[in-house]
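Novice: So the sequence lines, in the order shown, correspond to chains S and P. According to our numbering, the residues represented by the first sequence are 1 to 106, in order. According to our numbering, the residues represented by the second sequence are 1001 to 1106, in order.
There are 2 protein chains.
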Amino acid sequence: MSRGGLTIEGIDRLIHEPARLIVMTILNAVESADFLYLQRETGLTKGNLSAHLAKLDAEGYITIEKTYKGKIPLTICRLSEAGRIAFGRYRAEWEKFMKKTRLKRA
Amino acid sequence: MSRGGLTIEGIDRLIHEPARLIVMTILNAVESADFLYLQRETGLTKGNLSAHLAKLDAEGYITIEKTYKGKIPLTICRLSEAGRIAFGRYRAEWEKFMKKTRLKRA
DNA sequence: TATATATGGTTTGTGACACAGACCAGTTTG
DNA sequence: CAAACTGGTCTGTGTCACAAACCATATATA
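1. For G1005 (chain P), which three-state DSSP category applies?
2. With respect to the beta strand (DSSP E) encompassing E65 (chain S), which residues constitute its N-terminal and C-terminal limits?
3. Residues of chain S with a CB under 8 Å from the CB of I1011 (chain P): which are they?
4. E1065 (chain P) to G10 (chain S), Cα distance in whole Å?
5. Using only alpha-carbon positions, find the residue among P:R1078, P:A1029, P:L1014, P:R1013 that is nearest to K99 (chain S).
6. For R89 (chain S), return the contacting residues in chain P, with the cut-off set at a CB-CB distance below 7 Å.
7. I'd like to check one pair, I72 (chain S) with D34 (chain S): are the Cβ atoms closer than 8 Å?
8. Would E1025 (chain P) count as contacting chain S if we go by Cβ distances under 8 Å?
9. Do the segment 1010 to 1019 of chain P and the segment 83 to 95 of chain S make contact, defined as three or more Cβ pairs closer than 8 Å?
10. Would you mind reading off the limits of the alpha helix (DSSP H) that contains I1022 (chain P)?
11. Determine whether the beta carbon atoms of L74 (chain S) and I62 (chain S) lie at a separation below 8 Å.
12. With DSSP run on the structure shown, which of helix, strand or coil describes L1079 (chain P)?
13. Work out the CA separation of G1070 (chain P) and L27 (chain S) for me, nearest whole Å.
14. Considering Cα atoms alone, identify which of P:E1059, P:M1024, P:D1057, P:A1051 is closest to E1041 (chain P).
15. What are the start and end residues of the alpha helix (DSSP H) that includes E1041 (chain P)?
16. Is R78 (chain S) near S32 (chain S), with beta carbons less than 8 Å apart?
17. May I have the straight-line CA-CA distance separating R91 (chain S) from K1046 (chain P), to the nearest angstrom?
18. For chain S, check one thing: does any of its Cβ atoms lie closer than 8 Å to the Cβ of T1063 (chain P)?
19. Which of the three DSSP states is assigned to I15 (chain S) in this structure?
20. Residues in its own chain within less than 7 Å of Y68 (chain S) by CB, not counting five upstream and five downstream?
21. Leaving aside the five residues before and after I15 (chain S) along the sequence, list all residues of the same chain whose C-beta is less than 7 Å from its C-beta, in chain order.
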């Protein structure tokens, strides 16, 4: 099966998922954000957001720090260096691909 | 649950899927393509490609014409007008979103 | 005539995933 | 004490991407 000329090999599907892309985008902008802030910004449910964060954490794209605000638990997320690199790469690859889609029509 | 400011509502997930995005991109460029040509170009397996085409067809984004080349079956795919519009919209929405991701870092 | 091999796909099985709702632990308020 | 809020995690469910198996037909080959 010869590989086609128009593959998307460089696309990181972990980031490609819209929900996670939003999270990555926010974290890239704000440097650190707590769980509820992310929930408000993204509009995701707690469960969904929690799962996405866990996935990004497992991949090493973000760090999750569990701490306390007074006596109340507080989860703080940050983009890791690896995450920052992956995010940059994703945008570059995507940009590259999207340029190709602008081919003249037949 | 108040909606966040950074949603991706305009993103058509049917098109967002990389495999289908490639198919749409090809069809947008070539005007018509048969099954095996698409398979070669995309590098997808038959089954996978078949499923993706069915999905695009169900949504009305492409038309599938089953005909014969001599005595051998031949499936020809074309982007429908709706598909062309949706594809254009997708690219525009995506461009818009990606611009927002370029926010200055904290 | 058997049989192998290619063409052009569709159907089926499976594992991963997105999503929301139920649940839980601790805290503050009445 | 009870109710309600905060800050999350765990669980169940439906959907999906993917490849392998299968099917129907056509052509080559021995």
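Glycine is no exception: its CB is placed at the ideal position from the N, C-alpha and C atoms.
Specialist: The structure says:
1. Your numbering for residue 1005 (chain P) matches position 5 in the second sequence. Model confidence at G1005 (chain P) stands at a pLDDT of 49, short of 50, so the residue's coordinates are unreliable; what they give is reported in the following sentence. Here G1005 (chain P) sits in coil by DSSP.
2. If you number the first sequence from 1, residue 65 (chain S) lands on position 65. Counting along the chain, the beta strand (DSSP E) containing E65 (chain S) begins and ends at 62 to 69.
3. Sequence index remark: in the second sequence, residue 1011 (chain P) carries index 11 (1-based). Going along chain S in sequence order, the residues near I1011 (chain P) (Cβ under 8 Å) are P18.
4. Against the second sequence, residue 1065 (chain P) aligns to sequence position 65. Against the first sequence, residue 10 (chain S) aligns to sequence position 10. Each residue's Cα considered, the two are about 33 Å apart.
5. Here residue 99 (chain S) refers to the residue found at position 99 of the first sequence. Cα-wise, what sits closest to K99 (chain S) is P:A1029.
6. Counted from its first residue, the first sequence places residue 89 (chain S) at position 89. The premise fails here: R89 (chain S) is roughly 13 Å from chain P at the closest Cβ pair, so nothing lies under 7 Å.
7. Mapped onto the first sequence, residue 34 (chain S) falls at position 34. Mapped onto the first sequence, residue 72 (chain S) falls at position 72. Cβ distance not < 8 Å, so D34 (chain S) and I72 (chain S) don't count as in contact.
8. Within the second sequence, numbered from 1, the residue matching residue 1025 (chain P) stands at position 25. Note on residue identity: the sequence assigns Thr, not Glu, to residue 1025 (chain P). Taking Cβ atoms only, chain S reaches closer than 8 Å to T1025 (chain P), which makes this a yes.
9. no
10. Residue mapping note: residue 1022 (chain P) aligns to position 22 of the second sequence, counting from 1. Counting along the chain, the alpha helix (DSSP H) containing I1022 (chain P) begins and ends at 1018 to 1030.
11. Mapped onto the first sequence, residue 74 (chain S) falls at position 74. Mapped onto the first sequence, residue 62 (chain S) falls at position 62. Not a contact, by the Cβ cut-off of 8 Å.
12. Position 79 of the second sequence, counted from the first residue, corresponds to residue 1079 (chain P). Residue state, collapsed to three classes: strand.
13. Your numbering for residue 27 (chain S) matches position 27 in the first sequence. Your numbering for residue 1070 (chain P) matches position 70 in the second sequence. Cα-Cα distance, rounded: 58 Å.
14. On the second sequence, residue 1041 (chain P) is found 41 positions in, with the first residue counted as 1. Checked all of P:E1059, P:M1024, P:D1057, P:A1051; the closest Cα to E1041 (chain P) is P:M1024.
15. Translated into positions along the second sequence, residue 1041 (chain P) becomes position 41. Run containing E1041 (chain P): 1035 to 1042, per the alpha helix (DSSP H) assignment.
16. To locate residue 78 (chain S), count along the first sequence from 1; it is residue 78. To locate residue 32 (chain S), count along the first sequence from 1; it is residue 32. Against a cut-off of 8 Å, the Cβ pair of S32 (chain S) and R78 (chain S) comes out as a contact.
17. By 1-based counting over the first sequence, the position of residue 91 (chain S) is 91. By 1-based counting over the second sequence, the position of residue 1046 (chain P) is 46. Rounded to the nearest angstrom, the two C-alpha atoms are 30 Å apart.
18. Stepping through the second sequence from its first residue, residue 1063 (chain P) is reached at position 63. No, T1063 (chain P) lies away from the interface with chain S (no Cβ there is under 8 Å from its Cβ).
19. Sequence index remark: in the first sequence, residue 15 (chain S) carries index 15 (1-based). In the structure shown, I15 (chain S) sits in a helix (DSSP, three-state: H, G or I).
20. Taking the first residue of the first sequence as position 1, residue 68 (chain S) is located at position 68. So the qualifying residues of the chain are L74.
21. Here the question's residue 15 (chain S) lines up with position 15 in the first sequence. Answer for I15 (chain S): L21, M24, A86, F87, Y90, listed in chain order.
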